[in-house]
Each structure stands twice: as structure tokens, then as C-alpha cells.
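So the sequence shown is numbered by UniProt numbering: it starts at 1 and just counts up by one.
Idealized CB from N, CA, C, for every residue including glycine.
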Amino acid sequence: MGGTHRAGELGMKLAQINAYSAGSTGRLMLKEHMETLARGDESYVFWARGDEPQYTQAIRVGTALDVYAHAARARVTGRVGFCGSKHATERMVQRLRRIEPDIIHLHNLHGYSFHLPTLFSYLEKTPAQIEWTLHDCWAFTGHCGHFTAANCSQWKKHCGRFGRCPMQRVIPWSLFDSSERNFADKKSLFTSLPHVKLIVPSQWLADLAKQSFLAKYPISVIPNRADENVFKPTCNDFKKNHGIEDKVMVLGVAAPWNERKGLDLFLDLAQMLDDRFALVLVGLNAKQRAAVKKMNDSSATLIPLGAIADGVELAEIYTAADFFWNASVEETFGMTTLEAISCGTFAIVCMRTPGEEIIDVETGIALPADAEFVAEYLMDLCKNGGKSS
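Laid out in C-alpha cells, this is it:
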């Protein structure tokens with residue numbers, strides 16, 4: 001998702017700050033970075049976690065040890081963003097002062113990566129224009145990035161003040177519930193800036209942000225865009241190489257996979273489909289891949305794969321699939337859905353999620369977040385001798 005600044009402003013300096021160098025938010029940051037450099041402007045990216053980016057002017061914030069120390073303290077205190085990475089963030093701020101950017105584009109600020117009071121103390125004083133892309137709901141809650149599955153609405157008033165945080169022992173796990181204090185501190189910091197342009201990828205997320213303490217700032221909906229130079233119908237031998245040329249391939253992509261991303265739903269689906277189908281899961285960790293390989297009570301073929309960072313390789317897998325299923329009920333946009341559609345694959349998304357904003361009648365369908373509904377839909381299509389088209 002690009003920022004709202006104008007292309008070609010003479011001598012513009014852009015600095016982006018994101019916890020991750022890779023993944024969906026990392027790819028979006030890279031895209032804006034490269035577009036800015038291509039215009040002849042200056043661009044810098046600050047990141048804390050992930051592999052060293054293979055492009056210029058990417059500046060790491062702290063070290064892996066800083067992240068681990070921050071995470072260890074946060075696992076006890078629940079104070080993500082307040083209990084670590086202070087010196088690393090101070091060094092980043094010093095670098096920003098030397099660069100003197102015209103625009104600072106914030107992305108994900110959690111992930112045990114930044115010390116929020118230090119960062120926002122600088123942002124309050126800088127003359128730079130501040131843009132902040134929200135990739136989830138973390139900026140206006142006291143703990144979590146997503147609350148749909150927990151059916152929690154405490155964030156509308158004050159997290160932790162009316163009951164314990166239902167996500168305390170989920171993501172990110174913490175021994176103590178600090179959601180009430182976190183909410184107060186985040187509200188104080190995040191509303192302290194005189195001018196911020198908030199950017200969200202979906203109307204769904206915009207509607208939530210407008211009910212939060214961030215509603216004081218203007219909110220623009222700018223849908224994410226897939227890199228069409230990479231994510232396009234791509235010749236491949238994926239089905240042949242995996243021995244599933246005669247099967248209907250249903251693909252799921254996530255990193256990491258967990259219950260929130262719909263892993264349990266995918267495994268349930270495998271139990272319901274017959275041997276005409278192959279389910280391919282991309283992004284599983286080693287433990288998950290081993291567990292899937294041991295499953296022997298499924299008629300459908302199961303192919304567990306690890307994370308794939310190479311976009312071209314991922315485009316080949318998207319293209320090979322007959323269906324892409326985004327089984328997550330807590331997406332704020334659904335970048336993998338857009339990538340699949342860009343590769344010509346029919347997408348199945350969950351009802352009442354932002355995925356419905358991505359598809360149309362030609363490119364996808366919205367179904368309940370229920371493996372039985374999806375299995376029935378796929379089996380009916382096969383019975384009628386057709387695929388999605």
C-alpha cells in the first residue's frame with residue numbers, strides 16, 4: 001500500500017518504519033521504497049525483524065538479541081512496545097534526525113521491535129509529514145491485533161477496564177494482563193501527534209478505526225495492490241512435480257499458520273473431501289509440516305510446504321491452484337487473496353471479512369467460515385463437472 005504523498009516532489013525524502021523486512025507488510029514497504037527511488041527521490045526503510053533486505057538504504061533497528069530481550073520481558077509483563085528496544089529506537093531516531101525526512105511512513109510498530117515512548121517523542125517534534133498504514137487493529141487496542149474471533153469490544157471504550165483481556169494468553173502471549181495500562185499509554189502517545197494521515201487497506205478496517213481513539217485523524221482507504229509484474233498467471237510444473245495433475249488443487253497461504261489463520265479449518269476440510277482433491281498449505285513451520293505428514297485419515301492429498309519468500313515461485317503455486325481459500329476470519333485486507341486472484345485463481349473468502357471487498361462474481365465467492373460449507377461447495381462443483389469458471 002503506497003502512501004498519499006505526490007510523486008515527483010523535488011528532493012523529497014521518505015523514511016518508512018516497519019517491524020518486518022519481509023512478509024506482506026515488508027513487500028508493501030519495499031514496493032513503495034523502490035517506486036520512490038525510481039522517481040529520483042531519497043528513500044530509507046527501517047526494520048527490526050527478518051532477513052537482511054537485498055536492496056539499498058535498508059537500516060536495521062537493533063539486533064536479534066534486542067528483539068529476543070524485548071519479547072522475553074513482554075511475555076511476562078504484557079507491555080509490548082514499552083518494555084524493550086529503547087536503545088535501538090534511540091539510535092533509529094538519531095539516524096532519522098540526520099536524514100531529516102519530509103515524510104515518515106509508519107507500518108507495523110509491534111512485534112517486539114520499537115520503544116514507543118522514544119519513537120513518539122521524536123514524532124511529536126519532527127516537522128515531517130506522518131503517514132501511518134494500519135495493517136491490523138493493534139494500534140487501537142490494549143493488547144491484540146485482532147479481536148473478531150474473541151468477540152471483544154472493550155477497545156471501543158477502554159481495554160481491561162471492564163474485564164480481563166480475552167486475548168492475553170493468545171497472541172501475543174503474556175503472563176500478566178496489562179491491557180488497561182497499555183490502552184491508556186497507547187491512546188496518550190498515538191493521539192499526541194498534531195497531524196497524522198491514517199491509511200487502511202479496507203473499508204472494514206476504516207469502520208473499526210472510526211470507532212476508536214484514532215478517529216480524530218483523517219482515515220483514507222487505499223486497498224493494497226499486488227505487484228502485477230510478479231503475481232500474474234505463470235507457467236509452472238507444480239502439479240506435475242507433486243503428482244497431483246489429475247486432482248483439484250485447493251491452496252492456502254499464510255505465515256505463520258495458526259487457528260486464527262484457519263489452519264484447523266483446512267485440516268477439517270481435508271477430512272471432508274475425497275481423493276479427487278489435493279490441499280496445498282504454504283507457510284507451515286517444521287512442526288506443523290511434520291504433523292500434517294502424519295495425518296493418514298484423509299482421502300484428499302495433503303501437501304505441506306514451508307514459507308516461500310520468492311514471489312515468482314509463489315506465483316507459480318497460485319497459478320497451479322484451482323481454488324484459493326482464505327480461511328481467516330481476522331484479515332484486515334487479505335493480501336494473499338489478491339495475489340491469488342492476480343494469478344488467475346478463483347478465491348474463496350469468509351463472509352463478513354474484508355475479503356468480500358476484493359472479490360467479484362468472476363473472481364471469487366464468500367462462504368461462511370465453516371469447512372463443511374466449503375467442502376459442499378467444492379464437491380458440488382466437481383459433481384457438476386466444472387471448476388470455479
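What residue range does the beta strand (DSSP E) around residue i cover?
i: M379; result: Not the beta strand (DSSP E): M379 falls in the alpha helix (DSSP H), residues 371-383.
i: P117; result: P117 -> not in any beta strand (DSSP E); alpha helix (DSSP H) instead, spanning 116-125.
i: A366; result: 364-367
i: L106; result: 103-106
i: L198; result: 197-200
i: S220; result: 219-221
How big is the Cα-Cα spacing for residue i and residue j?
i: H110; j: E180; result: 17 Å
i: G252; j: P53; result: 26 Å
i: A19; j: K383; result: 46 Å
i: A96; j: F333; result: The identity of residue 96 in the sequence shown is Leu, whereas the question assumes Ala. So the two alpha carbons sit approximately 30 Å from each other.
i: T319; j: E245; result: 13 Å
i: E259; j: I199; result: 27 Å
i: T56; j: E124; result: 28 Å
i: A327; j: V349; result: 6 Å
i: L305; j: D237; result: 16 Å
i: T25; j: N224; result: 10 Å
i: V45; j: T133; result: 14 Å
i: E32; j: G23; result: 14 Å
i: L367; j: D268; result: 16 Å
i: R6; j: A15; result: In this prediction, R6 scores a pLDDT of 48, lower than 50, which makes its location untrustworthy; the coordinate-derived value is nonetheless stated afterwards. The straight-line gap from Cα to Cα measures roughly 15 Å.
i: R75; j: H115; result: 16 Å
i: W204; j: M335; result: 14 Å
i: E100; j: A38; result: 20 Å
i: A375; j: R289; result: 22 Å
i: T36; j: M92; result: 21 Å
i: residue 399; j: E228; result: The structure shown does not extend to residue 399, since the chain is modelled only from 1 through 389, so no value can be given for it.
i: C343; j: H87; result: 43 Å
i: F323; j: K232; result: 15 Å
i: T63; j: L30; result: 20 Å
i: L338; j: V250; result: 16 Å
i: L378; j: G283; result: 23 Å
i: P172; j: C235; result: 39 Å
Report all residues from its chain with a CB closer than 6 Å to the CB of residue i; omit the five preceding and five following residues, and keep chain order.
i: R79; result: S178
i: Q129; result: I103
i: A150; result: P166, M167
i: D41; result: M12
i: I317; result: F238
Spatial neighbours of residue i within its chain, please: C-beta separation below 7 Å, excluding the five flanking residues on both sides.
i: K187; result: F213
i: I219; result: L198, V200, A206, A209, K210
i: V67; result: A48, R49, Y112, S113
i: D136; result: G145, H146, T332
Who pairs with residue i in a beta bridge, going by DSSP?
i: S43; result: L14
i: W325; result: I348
i: A88; result: The partner list for A88 (beta bridge, DSSP) is empty, contrary to what the question assumes.
i: T301; result: A278
i: G252; result: L281
i: Y20; result: R49
Run through DSSP, which three-state label would residue i get?
i: I59; result: strand
i: Y318; result: helix
i: A48; result: strand
i: L267; result: helix
i: W257; result: coil
i: S113; result: coil
i: S179; result: helix
i: V230; result: coil
i: A149; result: coil
i: D237; result: coil
i: A307; result: coil
i: H33; result: helix
i: Y212; result: Sequence inspection shows Ser at residue 212; the Tyr mentioned does not correspond to that position. Reduced to three states, the DSSP call for S212 is coil.
i: Q154; result: helix
i: T25; result: helix
i: W138; result: helix
i: S188; result: helix
i: E100; result: coil
i: R95; result: helix
Could you pull out every residue in the same chain whose Cβ sits closer than 8 Å to the Cβ of residue i, ignoring the five residues on either side in sequence?
i: C159; result: T141, G142, H143, C165, S179, E180, N182, F183
i: F266; result: G252, L279, L281, W325, A327, A371
i: G163; result: Q154
i: A309; result: A22, D51
i: T118; result: K86, T89, E90, V93
i: W257; result: L263, L281, G283, L284, N285, Q288
i: I59; result: Y44, V45, F46, W47, M92, R95
In terms of residue numbering, what span does the alpha helix (DSSP H) encompassing residue i cover?
i: T133; result: Unbroken run through T133 is the beta strand (DSSP E), 129-133; no alpha helix (DSSP H).
i: Q288; result: 286-293
i: H70; result: 64-77
i: M167; result: Unbroken run through M167: none, as it is neither H nor E.
i: I341; result: 335-342
i: D207; result: 203-209
i: I244; result: Here I244 belongs to no alpha helix (DSSP H), and DSSP marks it neither H nor E.
i: E356; result: 355-358
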